[in-house]
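K.L.:
The listed protein sequences correspond, in order, to chains A and B. The first sequence begins at 1 in the numbering used here and counts up by one. The second sequence begins at 1001 in the numbering used here and counts up by one. Yeah, the Cβ is synthetic: ideal placement off N, Cα and C, and Gly gets one too. Just dropping this structure here.
2 protein chains.
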Amino acid sequence: MREEGVLKPASATIRDVARHAAVSVASVSRALNGHSNVHPDTRARVLASAKSLGYVPHAGARSLSLARSHAIGVVLPDLHGEFFSEIVRGMDREAGAHGYHLLLSNMHADAELAAQAMRSMRGRVDGLIVMAPQIDATGLDEALPAGIPTMLINSPDSTGRGAMRVDNRAGIDAIVRHLLASGRRALVHVAGPAGNIDARERREGFLAAMARHAPGQPSRVIEGNFREEAGERAVATLLDEGEAVDGIVAANDMMALGALQALREAGLDVPDAVAVTGFDDVPLARYMGLTTVRVHLADMGARAVARLIDALEHPSDRPGGDTEWLTPTLVVRTTTTERTDP
Amino acid sequence: MREEGVLKPASATIRDVARHAAVSVASVSRALNGHSNVHPDTRARVLASAKSLGYVPHAGARSLSLARSHAIGVVLPDLHGEFFSEIVRGMDREAGAHGYHLLLSNMHADAELAAQAMRSMRGRVDGLIVMAPQIDATGLDEALPAGIPTMLINSPDSTGRGAMRVDNRAGIDAIVRHLLASGRRALVHVAGPAGNIDARERREGFLAAMARHAPGQPSRVIEGNFREEAGERAVATLLDEGEAVDGIVAANDMMALGALQALREAGLDVPDAVAVTGFDDVPLARYMGLTTVRVHLADMGARAVARLIDALEHPSDRPGGDTEWLTPTLVVRTTTTERTDP
DNA sequence: CCGTCGTCTGTAACCGGTTACATAGACGCG
DNA sequence: CGCGTCTATGTAACCGGTTACAGACGACGG
């Protein structure tokens, strides 16, 4: 039983406005949406009524009848700090500029949960941006809902979808060349988690770069998981084994920072004794003087949104199913070269 | 392995399922939503049809008829890096755990745009989380849509809304006491932007703490804007004037880091010559050894979501219009005390 | 054998917008 | 004066779900 002491501030509907302005709902709709075939007097009356009733259109109803929600679903893995914020911020900026909203849904490595998350977005988003580096190609294909425009970021290829990819091999190649050029020879790669596509490409890129630019040199890989502690553990392992190392190529910045800290705590000078490099160029890297390659995460997110919106608003164009590669740029800082005063 | 016979691009609706299973839409709806009054045979037939058609319920339509969207609108100012990601992550975690989505909308300092953003969420979210530290109380009251449950974060009070607030005065008080206890006397506060409620409270907190704990000491305030450069500029100003200073109390971490860098470039030792403190404890602060107060941003976001969802699902309870204060905790690092090996 | 009850199902009216189509006037013209 | 055109408006059918209500049917008790 509804016992409302005061009058309930239930939002006005378009029919309330129509009644108040003594016109039909069609005229209200036309007036509010700026259609041309509305008499100026009618439009004025409608606008006045809408304002006086505090009418705000019901976006849900609107998108149901238009089959257009002006929202973009974003499905990301459980990302850490800066990585997450940079990407989302780039997306948000671009989406906002085009009048779109972002509907977020995190997903935990599991492909089944990812599929679940994507399904639950049917009917509330116009398109999807999916980042699933840890899911294999067939798993991804099964999880992706059909019939909704989708952009993939750093995920396995899926036929017919647009994609944004970081050129991991080129990035690692630049790192390796830089280290070799500065005289380092005994390089070790601290890899990312198995099953992650970026981690895999960086590992392969490392081995390929070594084979190409320093044939004959041994190239070692230590397993990691993209987390800071993995970098520390990798250094501990190397020290335990007493192996000669003068360069550590981490698969991402956080592991590089872990390694950096462990090296310094062990009394080894960076970069004199050992050089350290990362990957991604999170903001933290600049503060810590970490040499790395810059990915421009925000731009990648923004670009993904821009392409998706373009595909949404010009469906006539080709399906946009191509992959755009972003080439990361080398950023040399003090973990590989002496500080030179600016 | 499934054969792709006829490729049906348009998604199936509940009526398609009903036709396929030779039942009414009502039965399909009941079967899929687990109502009890459905014959087991019917339910099985419906589920089979739904699966074979690849049916996924249309969330938009569903929320229209249920007047429930299971989405929470999030309106944030244009936040920087870690601050943004920490809060959003906390919210996302909590929302996901309760089966809610987050609908993001950035807003640029302008109150009018904020109002716009909130209005555009009518009908697609069940509740709103708003963080508007830069809008004054009356502006906020006008912008907030009526009739939708709202939680405020670090915003001016608005009657009848729940709120989460950081106890800025307590945080600054702890900082000031810590500095005074370590023998510093000539403290300077680098303030945040005018109009920002957190900035204002921290400034007032600084003056109050100085008056209380070090009466007679001069207490100076330099204007800033929460950005790194403002910290650098503040130091430049102090050096120009040749004023004696042994402690800089920045209104947030980024300005503290800017000041830290400027001091070191000027050849002044931190903490020996000058101590530096921040506010927020962004992850970066730990790496830079910055003494600060920790706000637990993620927890604040999560708590805001939890309270909002609670209010949504138990509307019978009291309107939840009270303010929850989070007391930040002092984190002492090397910018105020000598490094002692851990 | 009939009335009652409980279980299962279908019809149709919502939710709050948009818009195709029909229609009513106003106007111009032969 | 009759007819075609054009403009402004209203009616009602959507969009894709949920659910109140009513009806069909079988079981059960009297």
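(1) Answer with yes or no whether the minimum CB distance from Ala1115 (chain B) to chain A is below 7 Å.
(2) Beta-carbon of Arg122 (chain A) versus every beta-carbon of chain B: anything under 7 Å?
(3) Among the residues of its own chain, which have a CB less than 6 Å from the CB of Tyr1100 (chain B), if the five just before and after it don't count?
(4) What residue range is occupied by the uninterrupted alpha helix (DSSP H) comprising Gly231 (chain A)?
(5) What residues of chain A sit near Met1288 (chain B), judged by a beta carbon separation below 7 Å?
(6) Leu102 (chain A) and Met91 (chain A) - do their beta-carbons sit closer together than 7 Å?
(7) Can at least three beta-carbon pairs, one atom from the stretch 166-179 of chain A and one from the stretch 189-207 of chain A, be found at a separation below 8 Å?
(8) Just the C-alpha distance for Thr1042 (chain B) and Ile1014 (chain B), rounded to the nearest angstrom, thanks.
(9) By DSSP, does Glu1004 (chain B) sit in helix, in strand, or in coil?
(10) Inspect the CB distances between the stretch 1267-1274 of chain B and the stretch 1235-1255 of chain B and report whether three or more fall short of 8 Å.
(11) Show which residues of chain A have a CB atom less than 9 Å away from the CB atom of Val1088 (chain B).
(12) So with Cβ pairs under 7 Å, would you call Val1056 (chain B) a contact of chain A?
(13) Does any residue of chain A have a CB that is nearer than 7 Å to the CB of His1101 (chain B)?
(14) What are the start and end residues of each continuous alpha helix (DSSP H) run of 4 or more residues lying completely inside the stretch 2-65 of chain A, in chain order?
(15) Can you look up Thr1340 (chain B) in the DSSP assignment and give me helix, strand or coil?
(16) For the stretch 264-295 of chain A, enumerate the residues whose C-beta is nearer than 7 Å to any C-beta of chain B, in chain order.
(17) Measure the alpha-carbon distance for His1061 (chain B) versus Glu1223 (chain B) and round it to whole angstroms.
(18) Output, in chain order, the set of chain A residues within a Cβ distance shorter than 7 Å of Leu1064 (chain B).
(19) So which residues on chain B does Asp198 (chain A) lean against when the C-beta distance must stay under 7 Å?
(20) For Ser27 (chain A), return the contacting residues in chain B, with the cut-off set at a CB-CB distance below 9 Å.
(21) Is Met300 (chain A) closer than 7 Å to Leu326 (chain A) when the C-beta atoms are compared?
(22) Check each candidate in B:Leu1140, B:Ser1063 and B:Gly1278 and name the one with the smallest Cα separation from Leu1113 (chain B).
(23) Thinking just about the alpha-carbon of each residue, which of A:His213, A:Arg93 and A:Val295 is nearest to the one in Leu173 (chain A)?
(24) At least one CB of chain B closer than 7 Å to the CB of Ser52 (chain A): is that the case?
(25) I'd like to confirm the pairing. Which residues does DSSP put opposite Ser105 (chain A) in its beta bridges?
(26) Figure out for me which residue from B:Arg1177, B:Thr1292 and B:Arg1307 has the closest Cα to the Cα of Val1331 (chain B).
(27) What residue range is occupied by the uninterrupted beta strand (DSSP E) comprising Glu1324 (chain B)?
(28) In chain A, which residues lie less than 8 Å from Pro1149 (chain B) when you measure between Cβ atoms?
(29) Figure out for me which residue from B:Arg1294, B:Arg1303, B:Gln1261 and B:Asp1280 has the closest Cα to the Cα of Arg286 (chain A).
(30) Residues of chain B with CB under 7 Å from Pro145 (chain A), in chain order?
(31) Among A:Val74, A:His58 and A:Ala67, whose alpha-carbon lies nearest the alpha-carbon of Arg1068 (chain B)?
(32) Tell me, please, whether the CB atom of Arg1119 (chain B) is closer than 7 Å to any CB atom in chain A?
(33) Taking C-alpha atoms, which residue in A:Ala137, A:Pro145 and A:Gln134 lies nearest to Ala115 (chain A)?
(34) Rounded to the nearest angstrom, what separates Gly278 (chain A) and Pro1149 (chain B) at their Cα positions?
(35) If distances are taken between C-alpha atoms only, which option among A:His314, A:Ile309, A:Asp253 and A:Arg307 comes closest to Arg294 (chain A)?
(36) In the DSSP assignment, find the beta strand (DSSP E) that holds Ala1250 (chain B) and state where it starts and stops.
P.N.:
Checking against the coordinates, here is how it stands:
(1) no
(2) yes
(3) His1070 and Ile1072
(4) Glu228 to Glu241
(5) Tyr287
(6) yes
(7) yes
(8) 15 Å
(9) Confidence at Glu1004 (chain B) is low in this model, with a pLDDT of 36, below 50, so its placement is unreliable and the value that follows should be read with caution. Three-state result, Glu1004 (chain B): coil.
(10) yes
(11) Phe84, Ser85, Val88 and Leu104
(12) yes
(13) yes
(14) 14-21, 25-32 and 40-53
(15) Confidence is the limiting factor: at Thr1340 (chain B) the pLDDT is only 40, short of 50, which leaves the residue's position unreliable, though a coordinate-based value still follows. DSSP places Thr1340 (chain B) in coil when its eight states are reduced to three.
(16) Pro283, Leu284, Tyr287 and Met288
(17) Looking at the sequence provided, one finds Ala at residue 1061 (chain B) rather than His. Approximately 51 Å, taken between the alpha carbons.
(18) Gly60, Ala61 and Leu64
(19) Going along chain B, no residue has its Cβ under 7 Å from Asp198 (chain A), so there is no contact; the nearest lies around 19 Å.
(20) None at all; the shortest Cβ gap to chain B is about 21 Å.
(21) yes
(22) B:Leu1140
(23) The sequence shown places Asp at residue 173 (chain A), not Leu. Answer by Cα proximity: A:His213.
(24) no
(25) A:Val75
(26) B:Thr1292
(27) Thr1323 to Leu1326
(28) What Pro1149 (chain B) touches in chain A: nothing, since even the nearest Cβ is about 12 Å away.
(29) B:Gln1261
(30) Val1056
(31) A:His58
(32) yes
(33) A:Pro145
(34) 45 Å
(35) A:Asp253
(36) Gly1247 to Ala1250
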